[in-house]
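Student: In this note's numbering, the protein residues as written are 456 to 810. I'd like to ask some things about the structure below.
Given below as structure tokens:
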């Protein structure tokens, strides 16, 4: 443990040296990568130094125990017992920090929200989820942009796709994939009965061209006139794009941008991200088969959360987490849920290491 921590400290100090190199400063892409790694390691290094200092003090006290001074031995023995308890606590904290970092967590993300069972009420709930995530983005200084949407007349969405950009966004939102269920009295319901509806959320890491190779020969690209609001441009030009990825059958459409070129670029970005997510989901299921981790499987068909409006209650079924601040959650205050999901995933990973 000590040797590994010393290696991390040495690596951290080398990153600090690199960041002072004028040549690196001129390469903004590389400098950003080094700075991000430096920030990630900073809390590990801080706790590592405390852990090493505690262990060294225990070693010094053990040397006193091997000596002849009985009075000092009593003091050293008492100190060892106290330091040993501190050391065990520090070791548990370090184990969490030392869980291998998933570089995918650093990526931007694309969220796809689709109305499920429940008709118009499901579409209204999809709109509520979009607002929840967009408010979360605003609260945390993240940028979001709608890429594609299919609205219904009463303010809901059959489907809405949007990107969220910022530091380690995918790592923040990746546990949101799955079926979100709502229990409430629909606005269209006259008898006041509580209905259950659902919407699905897919969280995709935004893929760069280097992450997924898309061959032009594998694509079938169609243009068509966009539908919906948008004025004369939407009605008179074939700016909407439909891309079919022939090997997988994946179909992506985009019509929200103002030009065919922009719609094509947006559609390709979504396509790459879906292809990357499909590969990662396959790997995640293989890992889950070994450790049965319900948090990080990424299974979008699994019911993950229920929003119960009559009781003001929100329940995440994967970790048996329940809170009664539903109004705040729907306004984007989901940080507590995210932290509990991350903690559960970390504990599951630690458990799998010990198996």
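Yeah, the Cβ is synthetic: ideal placement off N, Cα and C, and Gly gets one too. Given the structure is predicted, the values throughout are model-derived calculations rather than measurements.
1) Less than 9 angstroms between the beta carbons of residue 517 and residue 540, yes or no?
2) Helix, strand or coil: how does DSSP classify residue 599 here?
3) Count the other C-beta atoms from every protein chain shown that fall within 10 angstroms of the C-beta of residue 527, then say buried if there are 16 or more, exposed otherwise.
4) Going by the beta-carbon positions, is the gap between residue 579 and residue 608 smaller than 9 angstroms?
5) Return the chain-ordered list of same chain residues with a C-beta closer than 6 angstroms to the C-beta of residue 778, the five sequence neighbours on each side being excluded.
6) Taking the beta strand (DSSP E) that residue 696 belongs to, which residues open and close that run?
7) Taking the CB atoms as reference points, tell me whether residue 713 and residue 675 lie closer together than 9 angstroms.
8) Please report the residue range of the alpha helix (DSSP H) in which residue 533 lies.
9) Please classify residue 771 as buried or exposed, where buried requires at least 16 other C-beta atoms within 10 Å of its C-beta.
10) Opposite residue 511 in the DSSP bridges: which residues?
11) Checking the sheet assignment: what are the DSSP bridge partners for residue 612?
12) How about residue 513 and residue 627: are their beta carbons less than 9 angstroms apart?
13) Using 10 angstroms around the beta-carbon of residue 483, count the other beta-carbons present and answer buried if the total reaches 16, otherwise exposed.
14) Let me check one thing: in DSSP terms, what residues is residue 564 bridge-paired to?
15) Count the other CB atoms, across all protein chains shown, that sit within 10 Å of the CB of residue 456; report buried if there are 16 or more and exposed otherwise.
16) Can you name, in chain order, every residue of its own chain whose Cβ lies under 6 angstroms from the Cβ of residue 546, other than the five neighbours on each side?
17) State the start and end residues of the unbroken alpha helix (DSSP H) segment that holds residue 679.
18) Whole angstroms is fine: what's the gap from residue 759's alpha carbon to residue 460's?
Tutor: According to the data block:
1) Against a cut-off of 9 angstroms, the Cβ pair of residue 540 and residue 517 comes out as no contact.
2) In the three-state scheme derived from DSSP, where H, G and I count as helix and E and B as strand, residue 599 is classed as strand.
3) exposed
4) no
5) 769
6) 695-700
7) A distance of 9 angstroms or more separates the beta carbons of residue 713 and residue 675.
8) 525-552
9) buried
10) According to DSSP, which records beta bridges pairwise, residue 511 is partnered with nothing at all.
11) Its beta-bridge partners are 606.
12) no
13) exposed
14) 619, 660
15) In summary, residue 456 is exposed, with fewer than 16 beta-carbon neighbours lying within 10 Å of its beta-carbon over all protein chains present.
16) none
17) Annotation for residue 679: no alpha helix (DSSP H) segment contains it, though the beta strand (DSSP E) segment containing it runs 674-679.
18) 37 angstroms
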